[in-house]
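Here the structure is laid out as structure tokens; the discussion comes afterwards.
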Amino acid sequence: MTMVLNLRSASRTKTRSIRSAADIIRSGGIVVFPTETVYGIGASAFNEDACRKIYRIKGRAPDNPLIVHVSSMKMAKSVGDIPARYSRILSHEWPGPLTVVVKAKESVPKTVTGGLRTVAMRMPDNSIALELIKRSGVPIAAPSANISKRPSSTDATNAKRYFMGKVDAIIDSGSTEIGIESTVLRLSDLSILRPGSYTPEHVREAFGRWPKMAFASKGVSRPPSPGMKYRHYSPEKPIYLFIGDIGRLPSIIKRSGSSGKFTFIGSKESCAAMKSCSAGVLDLGNRSRPHEIAHNLFSALIALDSKKSKFGIIESFDESGIGIAIMNRIRKACSNKYFSDEKGFCNLIEG
Ligand code: TXA
Ligand code: MG
């Protein structure tokens, strides 16, 4: 049975609820909890059986390691070796949407690291998550709360759809602030393995140099982050990325005879323009506010599946700042299927 703990408003029972969730973690159970990025599905990082259960519930490949969530620098140092020169920087940048990959301590089970010698960890910037970790007294291993390959949950309603009856508790605190997962940064060579809202500019500012971008790994035989080789974030319906002048999309659609057959996912401005080809739309927010787009992206991908249309079309966004992470998630959601204003609608290219 899954206990749902409603913490959407500042309730008087908040402390009690978090305490029961922490008891569950300590006794080897699984708790879905909010972070500032997306919801996580968590267990004690030191309990191998509980961590194994997370892989089973998610249908996750055993070589795709989990992120360990900590509530203090002291706890972080019990999980991985943080190079001395980065310790001060991390105390400053954490809590926040930055995951670092460092050498793992012996005590971290291989189940958590997917058999690697390194471990990914972060301190989430969410008071419920921090309190849960503190009260559990152990670091919490937690991948994003989604069934493998499906979009991550940015609210508890969706987390319940995925996990009701499969986990011991779900903490419901409404929708998450950021909406896409943390940036994964390998400290040994300052490489971003997965882009997030902590941008290359943030790395440059805090760490004093530009990171390498190791996630654009098309053609790389051995992906730097195990998660990068798996399909991700996909709705069940096919979805195509449109590249080019959005103003030309309605006429391309009309020519192809697809009017009314698809749902358009895009900025408020583009959604308005798509009405002319009788498209259902999912509005991601104002184009000039990329954080709003990131916040709404996964819930729109999830909503696509409940639409009557046959497929989805999503527009592309400017690849700078958080836009790099937005486009990374969109490409994966589309499994690299795209079409352009030059090549037209009939030439979908599998990448
Ligand atoms: O925002 C987030 O990071 C969310 C919340 C819940 O904190 N968590 C999350 O976890 O997105 P997950 O498991 O969905 O993604 C973890 C990513 C995967 O791409 C995985 O391959 C990579 O981190 N990763 C984990 N350990 C690694 C390691 N030792 N070396 C390289 N990549 C690693
Ligand atoms: Mg994930």
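Position in the sequence shown counted from 1, then plus 1, gives you this note's numbering.
Where a beta carbon is used, it is the ideal one built from N, C-alpha and C, also for glycine.
Look at E178: its beta carbon is at least 6 angstroms from all of the heavy atoms in the ligand TXA. Contact check for T3 and G166: beta-carbon distance about 6 angstroms, within the 8 angstroms limit, so the pair qualifies.
Distances from the alpha-carbon of V39 to those of I141, P125, F208, V109 put P125 closest. Judged by DSSP secondary structure, R195 falls outside any alpha helix (DSSP H) and instead within the beta strand (DSSP E) spanning 192-195. In terms of Cβ geometry, V282 and F299 do not form a close pair [threshold 7 angstroms].
Taking a contact as a CB-CB distance under 8 angstroms, the pair G261 and S279 counts as one, their CB atoms being some 4 angstroms apart.
Counting of Cβ neighbours within 10 angstroms places E132 among the buried residues, the total reaching 16 or more. Selection M214, S341, H203 evaluated against G97 yields H203 as nearest (Cα-Cα). Scanning the segment 149-207 from its first residue to its last, the whole beta strand (DSSP E) runs of 3-plus residues come out as 170-173, 184-187, 192-195. Check the Cα spacing between D50 and each of I26, T36, E37, V33: the tightest is with I26. Taking a cut-off of 8 angstroms on C-beta distances, the segment 269-278 touches the segment 238-253, as three or more cross pairs fall below it. In the DSSP assignment, H70 falls within the unbroken beta strand (DSSP E) covering 68-70.
Of the heavy atoms belonging to the ligand TXA, none sits nearer than 6 angstroms to the Cβ of G29. In the same chain as S176, and ignoring 5 residues on each side of it, the C-beta atoms closer than 6 angstroms to its own belong to T155, D156, in chain order.
M122 and T114 have their C-alpha atoms some 10 angstroms from each other.
When the five nearest sequence neighbours on each side are left out, the beta carbons in the same chain lying within less than 8 angstroms of the beta carbon of S21 are those of M4, L6, A170, in order along the chain. Fully enclosed alpha helix (DSSP H) runs of no fewer than 4 residues occupy 111-114, 128-137 of the segment 107-144, in order along the chain. Secondary structure note for N287: it is in no alpha helix (DSSP H), with a DSSP letter that is neither H nor E.
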